[in-house]
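So the sequence lines, in the order shown, correspond to chains A and B.
Under this note's numbering, think of the first position of the first sequence as 172, with each following residue one higher.
Under this note's numbering, think of the first position of the second sequence as 172, with each following residue one higher.
Reviewing the structure listed below.
2 protein chains.
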Amino acid sequence: MISIMIDWIRSLPQQQHTYEEGQHLFHRNDPVRSMFFIEEGTAQLVRHHRDGGVAVLQRAGPGSMLAEASLFASAYHCDAVAIEPVTAMLIARRNLRRLFLTSPDFAQAWAMHLSAEVRNARTRAEILSLRTIAQRLDAWIAEKGALPDKGSWKSLALEIAVSPEALYREIARRRQ
Amino acid sequence: MISIMIDWIRSLPQQQHTYEEGQHLFHRNDPVRSMFFIEEGTAQLVRHHRDGGVAVLQRAGPGSMLAEASLFASAYHCDAVAIEPVTAMLIARRNLRRLFLTSPDFAQAWAMHLSAEVRNARTRAEILSLRTIAQRLDAWIAEKGALPDKGSWKSLALEIAVSPEALYREIARRRQ
DNA sequence: CGTCCGCTTGACTCAGATCAAACTTGGTGG
DNA sequence: CCACCAAGTTTGATCTGAGTCAAGCGGACG
């Protein structure tokens with residue numbers, strides 16, 4: 172999906188930036204100047220609540236795009252934070268915009284990418300609307316194919332919004 | 172947002188259809204032939220689980236588009252059901268596609284619309300990842316501005332995935 | 001006037017959050 | 001090579017928010 176777009180994006184002027192763990196790539200309400208293309212590391216889109224809690228809107232690993240939804244927006248609608256050292260390609264928004272407006276093929280690839288994001292986000296919401304851990308895990312597995320490897324169960328717990336302990340227990344129960 | 176696109180869409184050949192309550196506008200895996208523009212009534216995108224439960228991916232009322240994410244997909248990824256009598260405008264996909272590919276302005280409007288859907292869906296997921304009713308209601312209100320009127324609390328409960336009774340209690344608590 | 005539906009409230013139950021303590025593992029530095 | 005540390009995992013005990021069942025209320029509408 173994204174891979175279709177890479178060729179186009181690579182043809183635009185770009186600038187590489189690195190970010191340390193915990194550093195912000197951008198802040199909510201910042202004017203949108205660049206689009207971010209993650210080459211290494213992982214960044215998260217997060218939103219802060221008045222009660223101090225943070226909610227993760229999206230995790231973006233190598234090969235994914237950050238803030239695709241902002242190409243035609245005037246300001247970012249959330250924060251982007253590196254959760255490990257990140258290398259990112261920055262593409263000036265106006266260049267990407269020009270490409271979009273002049274190349275129908277790129278525009279189509281972009282629309283397909285956005286559509287995939289819509290589906291992803293809706294699927295996540297669908298999973299989160301289930302009431303029990305067992306159901307959420309089933310739905311997650313139905314979507315992704317299989318349970319991930321051991322080291323990443325904690326972040327899976329975060330993704331499906333259950334406590335790690337509860338998820339461990341559910342997994343243990345299934346191993347019976 | 173959508174209003175920007177209406178003018179364009181209106182210029183295409185269209186066909187009006189009506190659907191009764193409970194009738195399907197399309198089924199999952201059906202080949203995508205048309206895009207649906209709701210004029211009257213309400214339809215829902217739903218997905219069925221093996222355990223018989225249904226999950227609502229999206230509610231679409233008058234003025235909104237159904238299956239925008241399918242313009243470049245080959246098959247629908249969920250079912251669409253009328254939850255009350257629906258009048259919809261059907262636009263042949265190939266016409267909309269041609270418009271997208273030939274009009275950069277329309278393509279931009281379309282991309283903006285998809286971006287808005289991405290944000291909506293992510294916001295919904297964000298709300299659903301909160302653990303208590305109070306938090307979900309706060310987040311919902313922060314997003315939409317205010318508590319809806321009395322007749323629609325039940326569907327609000329559905330949207331934030333809590334039982335109606337629990338929501339009523341939370342609202343009552345706030346009226347103290 | 002009766003029926004339907006959304007709302008209200010009570011009582012009970014339980015899945016899962018939270019706190020807590022141990023155990024596995026990989027990596028780091030002495 | 002080993003002590004040590006940090007993360008993730010495992011398991012136990014306790015508590016509570018919210019789901020469920022149930023019974024009653026009130027307005028809309030044929």
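Glycine included, C-beta positions come from ideal geometry on N, C-alpha and C.
As the structure is a computational prediction, the values presented were derived from the model and not from experiment.
Boundaries of the alpha helix (DSSP H) harbouring Thr294(B): 275-299, taken from the DSSP string.
Considering only beta carbons, no part of the region 311-327 of chain A lies closer than 7 Å to chain B. By alpha-carbon distance to Leu261(A), the top candidate from Ser205(A), Leu196(A), Ser326(A) is Ser205(A). The C-beta distance from Arg293(A) to Gln215(B) rounds to 12 Å, too long to meet the 8 Å contact threshold. Listed along the chain, the chain B residues whose CB falls inside 9 Å of the CB of Met283(A) are Leu242, Phe243, Ala244.
Among the residues facing chain B, Thr294(A) is included, as its CB has a counterpart in that chain under 9 Å away.
Of Ala238(A), Asn266(A), Ser235(A), Ile175(A), the smallest CA-CA separation from Gln185(A) is found for Asn266(A).
Around the C-beta of Ala246(A), fewer than 16 other C-beta atoms lie within 10 Å, and the residue is accordingly described as exposed. Rounded to the nearest angstrom, the gap between the Cα atoms of Leu327(A) and Ala259(B) is 40 Å.
Under the 10 Å beta carbon count, Gln279(B) is surrounded by 16 or more other beta carbons and is classified as buried. Chain B has no Cβ within less than 9 Å of the Cβ of Ser205(A).
Contacts with chain A at 9 Å (Cβ-Cβ) include Glu288(B). Assigned with DSSP and collapsed to three states, Ile175(A) falls in helix. Close partners of Glu297(A) in chain B (Cβ separation under 7 Å): Arg218, Ala226, Leu228. Chain order gives the chain B residues near His248(A) as Arg290, where near means a beta carbon separation below 7 Å. For the pair Arg345(B) and Ala305(B), the Cα-to-Cα distance works out to about 10 Å.
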